[in-house]
Amino acid sequence: MKKSLHLILSFILINVFSCKEVTSSKEFEPSKKQNTTYKDSISKQKKLAQEKDNEYYYVNAKSGLNYRESPKGKIISKFNLNTKLLVIEKTKILDQVKDGEKTLKGEWYGVEKGKDTVYVFNAFLSDQKSLSEQKINDTSVWLADQEDDCVFDFNTQTDDFLKEIPEFSNYVWDNKQKKATIKLDDGNTLIVTRGGCNHFSFYGNLLLEKSELNLNDESKIFKKALWIAEKLFNKSDLNFINESLNKRNFEIEQSENQKKYIFQIDRYCDMTIVVEKTNNNQISIEIGYDVC
Numbered sequence: 000m001k002k003s004l005h006l007i008l009s010f011i012l013i014n015v016f017s018c019k020e021v022t023s024s025k026e027f028e029p030s031k032k033q034n035t036t037y038k039d040s041i042s043k044q045k046k047l048a049q050e051k052d053n054e055y056y057y058v059n060a061k062s063g064l065n066y067r068e069s070p071k072g073k074i075i076s077k078f079n080l081n082t083k084l085l086v087i088e089k090t091k092i093l094d095q096v097k098d099g100e101k102t103l104k105g106e107w108y109g110v111e112k113g114k115d116t117v118y119v120f121n122a123f124l125s126d127q128k129s130l131s132e133q134k135i136n137d138t139s140v141w142l143a144d145q146e147d148d149c150v151f152d153f154n155t156q157t158d159d160f161l162k163e164i165p166e167f168s169n170y171v172w173d174n175k176q177k178k179a180t181i182k183l184d185d186g187n188t189l190i191v192t193r194g195g196c197n198h199f200s201f202y203g204n205l206l207l208e209k210s211e212l213n214l215n216d217e218s219k220i221f222k223k224a225l226w227i228a229e230k231l232f233n234k235s236d237l238n239f240i241n242e243s244l245n246k247r248n249f250e251i252e253q254s255e256n257q258k259k260y261i262f263q264i265d266r267y268c269d270m271t272i273v274v275e276k277t278n279n280n281q282i283s284i285e286i287g288y289d290v291c
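Taking numbering that gives the first Met the number 0, I'd label the letters of the sequence shown as residues 0 to 291.
Structure representation (C-alpha cells):
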C-alpha cells in the first residue's frame, strides 16, 4: 500500500514540474511577430541614422544647375530648382563664377545621379529649399514643396509643345523634372526645361560638342540662340529677343568661362542668354526666362 502511494505521489510531482517548465519556456519565448517588429524597428533606426550621416543639399539656382562628367568638365544636363542632391564626393577643386554683380566662390562636389556620380558647383546649393519670389497674403505662405498650393498648374506642364516640332521628334521627356533631352541630327544635344510649381521656367540649352566657338563670337552665338527661341518660344518673345539683340539692348556679365546677356522685360522675372565654355571644348548656349 505504502509503495503504491509513493509511486502515485512521485508521478504527480513529475507532472507538476514538467508543466511548470513548459509554461516557463513559453513565457520567455518571443513570438515571431514580436521578433519581426523588433527587427523592423532596428532597421528603421539604422536607416534614419544613415540618412542623418549623409549630406544633402538643394539646388537654389532659379534656372537650374548644370551637372557635368567631371569638375569644370562636359555638361551632361541640369538639375531643376530645389532638386535634392546627395553629396558623394568633395573634390577640393575650388572655382569662382560671376552671378549678377556677385562673384561666387565655391567647390566642385560629386553628387548622386542614379547609379552615377556627376559634378556640380556648390555655390548654387543650399541646405534647405528655396522659396520662390511670390506674393504673401495675410493668412498663408505658399511653400515650393506643396504641390496642392502651386501657382502653376502641373496638369498643363506636358510635352505637348514638343510634339508639334518635327525636328525634335527624337526626344526623351522626364515628367518629374519637366525636362526633355533631344539628340539633334548634327550630333549636338538640346535640353528643354519647361515647368514649375511657384516658379515657372522655360529654357532651351544647346550643347555643342567640340565647338570652335568662343565666348566673343557673338554673331554665331546669337544666331544659335535665336534658332532655339524660334523653335520654342511664342512669336512675341522671339520678336522681343531679336529686336533687343539688334539694338544691343541688354546688359553683359562675364567671367573667364561664362558670358551672360540680361534682357529687361516686364512680363518675366528675368530673361537671359548664358554662354558657357567647358574644359572639353564644349559650348553651352542657354536661352530662356522665368515667371514669378
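Every residue gets a Cβ at the ideal spot worked out from N, C-alpha and C, and that includes glycine.
Exercise. Checking contacts by CB at 9 Å: is residue 212 closer than that to chain C?
Worked result: Absent from the structure is chain C; it holds one protein chain and no more.
Exercise for the section: Going by CA-CA distance only, name the one from 77, 68, 238 that's closest to residue 59. Expected result: Distances from the CA of residue 59 to each of 77, 68, 238 were compared; the closest alpha carbon is that of 77.
>> For the beta strand (DSSP E) containing residue 179, name the first residue and the last one.
In response: Residue 179: member of the beta strand (DSSP E) spanning 178-182, first to last residue.
Short check: CB of residue 200 to CB of residue 69, under 9 Å? Cβ distance not < 9 Å, so residue 200 and residue 69 don't count as in contact.
### Reduced DSSP category for residue 235 - H, G, I as helix; E, B as strand; rest coil
In the structure shown, residue 235 sits in a helix (DSSP, three-state: H, G or I).
Is it right to say residue 227 is buried, meaning 16 or more other beta carbons lie within 10 angstroms of its own, or is it exposed?
-> With 16 or more Cβ atoms within 10 Å of its Cβ, residue 227 is classed as buried.
Check your understanding: What residue does the alpha helix (DSSP H) around residue 162 start on, and which one ends it?
Key -> Bounds of the alpha helix (DSSP H) holding residue 162 are 159-162.
Inset, instruction - Quick one: residues in its chain with C-beta nearer than 6 Å to the C-beta of residue 102, no 5 flanking neighbours on either side, listed in chain order? - result: If we look at residue 102 and ignore the five residues flanking it on each side, its Cβ neighbours are 95.
Please state the DSSP three-state secondary structure of residue 93. Strand.
**Message:** Let me check one thing: in DSSP terms, what residues is residue 150 bridge-paired to?
**Reply:** Among the bridge pairs identified by DSSP, residue 150 is matched with none.
Taking the C-alpha atoms as reference points, what is the distance between residue 115 and residue 242?
Residue 115 and residue 242: Cα-Cα distance of roughly 43 Å.
Can you grab the Cα-Cα spacing for the pair residue 122 / residue 104, in whole Å? Cα to Cα, the separation comes out at about 6 Å.
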